[in-house]
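In what follows, a single structure is set out as structure tokens and then discussed.
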Amino acid sequence: MSFTDLKSNAAPIRLWGDVDSVEPQALGQLHNIAKLPWVHGVAVMPDVHYGIGATVGSVIAMRGAVSPAAVGVDIGCGMTAQRTSLTADDLPDDLGRLRSAIEAAIPVGQAMHKSSVDTGHVKTGLHGWHEFWSGFGELAPQVARRTEAKAMKQLGTLGSGNHYIELCLSDDGQVWMMLHSGSRYVGNALAQHHIEKAKGLPHNLDLPDPDLAVFIADTPQMEAYRRDLFWAQEYARRNRAVMMALFRRVVKKRFPTARFEPEISVHHNYVAEEKHYGQDLLVTRKGAIRAGFGDMGIIPGSMGASSFIVRGLGNGEAYESASHGAGRKMSRNAAKKRFTVEDLIAQTEGVECRKDAGVLDEIPGAYKDIEEVMAAQSDLVEIVARLRQVICVKG
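Okay, structure coming up:
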């Protein structure tokens with residue numbers, strides 16, 4: 001499927017998907033973004049829906065500027081997946097004990113580790129831990145002072161909302177491990193700090209939406225944000241890597257002969273410096289993954305739907321991007337009003353997971369049809385593997 005031109009009077013807006021399925025609020029938001037003088041173009045993914053600052057499922061390419069609210073407060077949120085040597089036949093009929101072991105090893109919800117994880121003894125495969133943590137002292141002082149202790153203990157923790165840990169089966173019966181999380185409290189605090197800073201700058205006072213306030217290149221404010229942004233994105237990557245290492249420990253203890261292929265790890269709320277159309281651009285993917293030619297990616301459904309391992313096709317018109325998942329079709333409050341726990345039980349049949357009112361807002365029915373989302377972006381990615389969860393851990 002190719003894109004639809006939304007006929008903006010400003011920067012071009014290209015939509016992959018059905019324009020009639022996009023909420024009017026989200027369409028208005030997209031046009032507001034395109035009006036910013038720094039915007040080169042906007043690519044809209046088929047999982048698009050209304051968000052704060054910028055539309056979720058949007059790729060915003062800017063010249064010499066970036067909007068912290070467009071990135072969002074969960075800086076570096078993303079996915080990690082890993083194929084194992086196990087097959088469906090290796091798994092027990094009752095997966096409850098395995099789910100409990102995962103929950104015991106990885107803090108979820110508001111919980112955190114009692115002390116910081118010893119990254120020297122957790123085999124993440126990542127190096128440079130000393131250099132990474134030494135960067136904490138360079139972050140915005142107002143944030144660093146009050147978040148450092150918590151950031152140390154939250155590294156390797158899941159959080160809540162739409163974050164999850166899953167054990168999945170591919171169509172050929174192979175067992176995969178997958179998880180979704182971001183930069184936790186420290187990323188949120190850094191984002192909030194810079195969003196407020198941007199709103200107070202003179203060049204942002206007449207914007208159509210104050211949440212679209214930007215930092216401009218070659219200013220102290222931009223340099224401070226870029227420093228904190230890229231550190232938080234690295235924190236999110238390392239957070240997922242620590243969780244995957246703890247997850248592997250659980251699996252290895254239960255299945256001693258298990259082997260693991262290299263991880264696939266992708267951000268889907270982040271900024272990257274990239275060249276497109278011969279120009280150096282700052283590309284914000286808010287609910288989108290990079291899908292350059294050959295790039296491996298992860299596009300999840302909901303806690304009761306398929307997820308996909310994909311390979312990018314390098315579509316330049318989408319700034320080499322693809323969707324980050326199914327995307328919500330209703331708000332969390334609307335989902336709680338519409339569905340019951342009985343609906344949740346029915347929609348997650350066959351999945352070892354929470355089936356209570358505390359996760360009702362994450363019910364599969366609150367999300368778009370992942371099959372339709374994938375069909376709408378067939379020119380952005382090719383499917384490598386289709387996964388279906390058998391265990392889903394949520395905070």
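The opening residue of the sequence shown carries number 1 in UniProt numbering; numbering runs sequentially from there.
Beta carbons are placed, not taken as given, at the ideal position from N, Cα and C, and that holds for glycine.
What you are looking at is a predicted structure, and each value in this text was computed from that prediction instead of being measured.
What is the rounded straight-line gap between the Cα of residue i and the Cα of residue j?
| i | j | result |
| --- | --- | --- |
| H121 | A232 | 23 Å |
| A198 | V214 | 6 Å |
| I102 | L139 | 33 Å |
| A376 | H40 | 23 Å |
| E349 | Y225 | 44 Å |
| V175 | R249 | 15 Å |
| V341 | N333 | 14 Å |
| V42 | A322 | 13 Å |
| Q347 | V251 | 26 Å |
| L169 | R63 | 42 Å |
| residue 400 | V384 | Since the first and last residues shown for the chain are 1 and 395, residue 400 lies out of range. |
| I75 | S183 | 6 Å |
| E382 | V310 | 6 Å |
| H127 | T284 | 26 Å |
Over the uninterrupted alpha helix (DSSP H) stretch that includes residue i, give me the two end residues.
| i | result |
| --- | --- |
| N239 | P220 to R254 |
| Q192 | R184 to K199 |
| E371 | I370 to A376 |
| P24 | P24 to A34 |
| S134 | W129 to S134 |
| K394 | Looking at the DSSP string, K394 is not in any alpha helix (DSSP H); the run it does join, the beta strand (DSSP E), is V381 to K394. |
| E148 | P141 to Q154 |
Since residue i is in the beta strand (DSSP E), which residue starts that stretch and which ends it?
| i | result |
| --- | --- |
| L179 | Q174 to S181 |
| A43 | V39 to H49 |
| V266 | I264 to H267 |
| M62 | V56 to M62 |
| I165 | Y164 to S170 |
| L15 | I13 to L15 |
Given a cut-off of 8 Å on the beta-carbon distance, is the pair residue i and residue j in contact?
| i | j | result |
| --- | --- | --- |
| I60 | A69 | no |
| L179 | E166 | yes |
| H113 | T157 | yes |
| G312 | G294 | yes |
| D361 | A335 | yes |
| H194 | D228 | yes |
| F308 | R386 | yes |
* At least 3 beta-carbon pairs within less than 8 Å: the segment 346 to 361 vs the segment 255 to 273 -> no
* Segments assigned alpha helix (DSSP H), at least 4 residues, entirely inside the segment 72 to 107 -> 96 to 105
* Asked: Which runs of the alpha helix (DSSP H) fall wholly inside the segment 270 to 343 and span at least 4 residues, in chain order?
  -> The qualifying runs are 332 to 338.
* Kindly confirm or deny that the segment 42 to 58 and the segment 307 to 327 touch, where touching means at least three C-beta pairs closer than 8 Å. => The segment 42 to 58 is in contact with the segment 307 to 327.
* Between the segment 301 to 318 and the segment 235 to 242, do three or more beta carbon pairs fall short of 8 Å? -> Contact between the segment 301 to 318 and the segment 235 to 242 is absent: fewer than 3 CB-CB pairs across the two stretches fall below 8 Å.
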